[in-house]
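A.B. asks: A single structure is presented below for examination.
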């Protein structure tokens with residue numbers, strides 16, 4: 072795929088092609104942390120610490136990295152207020168707002184089908200023996 | 072979160088909680104390869120080699136691993152036909168069929184917004200200097 076061409080119009084994007092940058096968009100979009108962070112911000116800007124509490128168990132490093140990726144990709148803005156100590160807010164951009172509904176559906180699907188999937192995993196792990204090939 | 076409880080009903084799932092297994096569902100669902108494999112199978116079963124050609128650039132190892140995760144999670148079935156050489160088909164389960172539309176939307180969103188996101192990345196990387204904090 073010709074990246075220059077794909078930059079000129081949506082028509083050029085095809086995630087099935089190895090060099091299409093839409094694959095790197097999928098990497099960010101499909102990340103578990105993106106799925107949890109972006110919909111959290113639909114109700115308004117949040118501080119780092121608030122996000123960290125909302126995403127139970129996330130490490131400081133993972134949250135920093137996830138937010139940096141979202142900022143780089145134009146889904147989230149980071150605003151520093153010159154207070155002492157400085158206050159840093161994260162908010163959705165219009166693009167982030169647009170992605171939010173889709174990510175919310177993904178999370179809802181995962182939650183709604185968790186039991187089916189855990190049942191499938193148990194069955195898979197208790198199979199009599201591996202199939203050939 | 073009490074996993075036993077969550078197995079009994081959908082109501083218990085909450086991906087914002089660190090021990091909720093729905094987070095592991097998100098890991099599989101959000102994977103770039105899942106997003107590309109599952110919708111590919113909506114038109115019917117495919118063989119390993121066909122999938123490998125469809126997902127341009129995927130390594131044999133990555134495809135094997137992705138298909139194993141999808142089989143384990145009950146989204147894909149793997150059928151071995153005792154021919155010489157053996158023929159192995161991959162097909163969607165009803166659960167996989169159900170996930171497919173959502174994953175298709177995710178891919179379409181990534182492709183449709185690729186240009187916006189690449190533009191944001193260029194702007195981010197050419198910022199004058201890093202913000203404090």
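Chains as they are written, first to last, in my numbering: chain Z, 72 to 204; chain Y, 72 to 204.
The beta-carbon is built from N, C-alpha and C at its ideal position, and this holds for glycine as well.
As the structure is a computational prediction, the values presented were derived from the model and not from experiment.
(1) For the beta strand (DSSP E) containing residue 148(Y), list its first residue and its last residue.
(2) Mapping the DSSP letters down to three states, classify residue 90(Z) as helix, strand or coil.
(3) Throw me the rounded Cβ distance for the residue 20(Z) and residue 134(Y) pair, which I believe falls under 8 Å.
(4) Return the residue from the list 107(Z), 162(Z), 194(Z) that minimises the CA-CA distance to residue 98(Y).
(5) Strictly under 7 Å for the Cβ-Cβ distance: is residue 135(Z) near chain Y by that measure?
(6) Could you tell me which chain Z residues have their CB closer than 9 Å to the CB of residue 109(Y), listed as they occur along the chain?
(7) From what residue to what residue does the alpha helix (DSSP H) around residue 183(Z) run?
(8) For residue 150(Z), tell me which candidate among 143(Z), 162(Z), 156(Z), 168(Z) has the shortest Cα-Cα distance.
(9) Note down the Cα distance separating residue 118(Z) from residue 111(Z), rounded to an integer number of angstroms.
(10) Beta-carbon within less than 7 Å of residue 116(Z)'s beta-carbon, same chain only, minus the 5 sequence neighbours each way: which residues are those?
(11) Along the chain, where does the alpha helix (DSSP H) that runs through residue 124(Y) open and close?
(12) Give a yes or no on whether 7 Å exceeds the smallest Cβ distance from residue 114(Y) to chain B.
(13) Considering Cα atoms alone, identify which of 87(Y), 124(Y), 91(Y) is closest to residue 109(Z).
(14) If I'm right that residue 145(Y) touches residue 187(Z) with Cβ under 8 Å, what's the distance once you round it to whole angstroms?
(15) If you drop the 5 nearest sequence neighbours on each side, which residues of the same chain put their C-beta closer than 8 Å to that of residue 123(Y)?
C.D. replies: If we stick to the structure as given:
(1) Counting along the chain, residue 148(Y) sits inside the beta strand (DSSP E) bounded by residues 147–152.
(2) In the structure shown, residue 90(Z) sits in coil (DSSP, three-state: anything other than H, G, I, E or B).
(3) With chain Z represented from 72 up to 204, any question about residue 20(Z) goes unanswered, as that position is not in the structure.
(4) Comparing Cα positions, the closest option is 107(Z).
(5) So no, residue 135(Z) is outside the interface.
(6) Contacts between residue 109(Y) and chain Z, judged by CB atoms closer than 9 Å, are missing: the closest CB pair is about 12 Å apart.
(7) In the DSSP assignment, residue 183(Z) falls within the alpha helix (DSSP H) that extends over 165–183.
(8) Taking the Cα of residue 150(Z) as reference, the smallest distance to any Cα among 143(Z), 162(Z), 156(Z), 168(Z) is reached at 162(Z).
(9) Roughly 11 Å between the two C-alpha positions.
(10) The beta carbon of residue 116(Z) sits closer than 7 Å to those of 160, 161, 162, all from its chain and outside the five residues before and after it, given in chain order.
(11) Unbroken alpha helix (DSSP H) run through residue 124(Y): 119–125.
(12) The structure shown has no chain B; the protein chains it does contain are Z and Y.
(13) Distance check between residue 109(Z) and each of 87(Y), 124(Y), 91(Y) places 87(Y) closest, using alpha-carbon atoms only.
(14) Residue 145(Y) to residue 187(Z), Cβ: 6 Å. Contact.
(15) Within its own chain, the residues whose Cβ lies closer than 8 Å to the Cβ of residue 123(Y), once the five positions on either side in sequence are excluded, are 129, 131, 134, listed in chain order.
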